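Student: Residue 212 in UniProt numbering sits at position 212 of the sequence shown, and the numbers go up by one each step.
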Amino acid sequence: MYDMYQLFLLGCSVAPMMDWTNNHFRTLARLISKHAWLYTEMIAAETIVYQKDNLDRFLAFTPEQHPIVLQLGGNNLENLAKATQLANTYGYDEINFNCGCPSPKVAGHGCFGVSLMLDPKFVAKAMSVIAANTNVPVSVKCRIGVDDHDSYNELCDFIYQVSSQSPTRHFIIHARKALLNGISPADNRKIPPLKYEYYFALRRDFPDLRFTINGGINGVDEVNAARTEGAHGVMVGRAAYHNPWNTLGHVDTVVYGAPHSDLSRRQVLEQYQVYGDSILGKYGPNRPNVRDVVKPILGLFHCEPGNGLWKRNADAAFQHCTTLKAFFEETLVAIPDSVLDSTVAEAPSSCIDKFANSKNLLPPPYTTSEQDILYAEMV
Ligand SMILES: Cc1cc2nc3c(=O)[nH]c(=O)nc-3n(C[C@H](O)[C@H](O)[C@H](O)COP(=O)(O)O)c2cc1C
């Protein structure tokens with residue numbers, strides 16, 4: 001367990017993404033990469049507590065999905081404690097706490113998600129409560145700031161307080177700040193600029209902590225470029241979802257030095273079909289339905305010949321197909337056999353210097369002393 005966790009901290013993970021990194025997508029991701037760490041979408045502590053008779057729907061996963069991290073959201077210590085306890089029986093490999101979501105639904109009401117970055121004391125308490133109720137490591141996922149609270153020192157104060165007042169030793173840094181001025185969550189993942197230099201400065205200033213870099217990392221060559229520059233772990237979100245074959249397909253060889261998967265996309269889909277047809281309607285009439293289960297695979301033929309036609313076929317097939325088997329029989333004719341039957345191509349060998357300049361932009365070292373923080377808390 002410990003060794004696997006160390007490997008994770010130096011490896012590659014798939015980001016938590018609400019409505020995206022559900023069981024369906026994680027099943028697909030695991031068929032493509034055996035080693036990438038998979039994060040669940042954020043699950044609110046309240047959902048777990050109030051749905052405690054229906055937990056499998058939210059928390060169950062197949063053993064193949066290990067290593068897997070549960071991301072919790074919330075702002076109520078009692079519910080976070082109960083949710084962690086209820087999740088324990090499922091055997092997640094880490095519990096992560098969301099301090100980065102800018103959605104007005106999450107951050108606007110009751111200080112949840114990224115708003116919590118403004119209250120590091122609470123985050124430390126929450127992390128202590130989560131850690132006290134689980135035996136697995138805990139981590140925080142956050143941004144580099146919120147609105148005008150975006151200086152490097154403020155970020156460091158957050159990290160310092162949370163890590164010194166709780167057992168948190170691993171932070172995932174989405175390297176852009178969040179704006180709580182009502183822009184959409186999607187814009188909040190585009191408009192604030194990425195500042196990787198803050199990430200590398202944290203690596204410099206908190207040598208005893210582990211930091212995973214996240215934000216705008218678009219392929220395994222960029223994952224490796226970040227690692228070459230000294231990143232501990234690298235988390236990939238949208239690229240893994242929109243282009244899973246080419247992004248995740250190289251992770252095992254390039255990041256973990258493991259052998260190439262010899263599965264073709266046709267074989268991946270055959271296995272996914274078994275999963276998909278077994279889960280249709282499991283949680284009520286049409287829940288999930290064919291469209292829900294197909295959604296995560298719509299990026300599988302990204303940029304390949306036949307992709308456009310396949311998606312048009314899919315739109316038509318959603319109207320009447322009631323099984324994945326029928327869906328594939330009707331739609332996959334659009335994809336050439338050469339695409340369906342080939343395994344993952346050679347990894348890109350390009351040398352990317354995406355992060356090299358960050359080292360020239362490092363902010364001055366963190367200087368705030370513990371006394372300053374204690375004093376600031378008192379006034
Ligand atoms: C559709 C979507 C849903 C997301 N949901 C979550 C979430 O539940 N929890 C979280 O911490 N971040 C969430 N994120 C943010 C991602 O985890 C990640 O930090 C962000 O997309 C930046 O990484 P990327 O540039 O590699 O996509 C979400 C992102 C997307 C695109």
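Backbone N, C-alpha and C fix where the C-beta goes; we use that ideal spot for every residue, glycine too. Treat the numbers as computed from the prediction; the structure is a model and nothing was measured.
When you compare only the Cα positions, how much space is there between residue 120 and residue 270?
Tutor: Cα-Cα distance, rounded: 47 Å.
Student: CB residue 219 to CB residue 246, shorter than 8 Å?
Tutor: Result yes, Cβ atoms of residue 219 and residue 246 sit closer than 8 Å.
Student: Using the three-state DSSP reduction, which class does residue 20 fall into: helix, strand or coil?
Tutor: Coil.
Student: What number of angstroms, rounded off, separates the C-alpha of residue 46 from the C-alpha of residue 339?
Tutor: Rounded to the nearest angstrom, the two C-alpha atoms are 44 Å apart.
Student: Counting C-beta neighbours from all protein chains within 10 Å, is the total for residue 116 16 or more, i.e. buried, or is it exposed?
Tutor: So residue 116 counts as buried.
Student: Does the beta carbon of residue 190 come closer than 8 Å to any beta carbon on chain B?
Tutor: The chain inventory of the structure shown lacks chain B, comprising one protein chain alone.
Student: Give me the residue from 40, 102 and 297 with the minimum Cα distance to residue 57.
Tutor: Closest by alpha carbon: 40.
Student: Just to confirm my understanding: we take residue 301, look at its own chain, exclude 5 residues before and 5 after, and list those with CB closer than 7 Å. What are they?
Tutor: Around residue 301: 307, 310, 335 and 339.
Student: Going by DSSP, name the residue or residues bridged to residue 38.
Tutor: Per DSSP, 14 and 68.
Student: Taking 7 Å as the cut-off, does the CB of residue 141 come closer than this to any heavy atom belonging to ligand 1?
Tutor: Yes, Cβ of residue 141 sits closer than 7 Å to a heavy atom of ligand 1.
Student: Using beta-carbon positions only, say whether residue 228 and residue 347 come within less than 8 Å of one another.
Tutor: Going by C-beta atoms, residue 228 is not nearer than 8 Å to residue 347.
Student: With 16 other CB atoms within 10 Å as the buried threshold, where does residue 83 fall?
Tutor: Residue 83 is buried by the Cβ-count criterion.
Student: Which same chain residues end up closer than 6 Å to residue 276 when comparing Cβ atoms and leaving out the 5 residues on each side of it in sequence?
Tutor: Contacts found: 293 and 324.
Student: In the DSSP assignment, find the unbroken beta strand (DSSP E) run with residue 236 in it and report its ends.
Tutor: Element bounds for residue 236: 233–236.
Student: Taking only three categories from DSSP, how would you classify residue 219?
Tutor: In the structure shown, residue 219 sits in coil (DSSP, three-state: anything other than H, G, I, E or B).
Student: Would you report the Cα separation of residue 426 and residue 184, rounded to the nearest angstrom?
Tutor: Residue 426 is absent from the model: the chain starts at 1 and stops at 379.
Student: What residue range does the beta strand (DSSP E) around residue 94 cover?
Tutor: Residue 94 -> beta strand (DSSP E) spans 94–99.
Student: Do residue 13 and residue 168 count as a contact pair if the criterion is CB distance below 8 Å?
Tutor: Result no, Cβ atoms of residue 168 and residue 13 do not sit closer than 8 Å.
Student: Please determine whether the Cβ atom of residue 222 lies at a distance below 7 Å from any heavy atom of ligand 1.
Tutor: No, the beta carbon of residue 222 sits no closer than 7 Å to any heavy atom of ligand 1.
Student: Specify, as a first and last residue, the run of the alpha helix (DSSP H) that residue 204 falls within.
Tutor: Run containing residue 204: 196–205, per the alpha helix (DSSP H) assignment.
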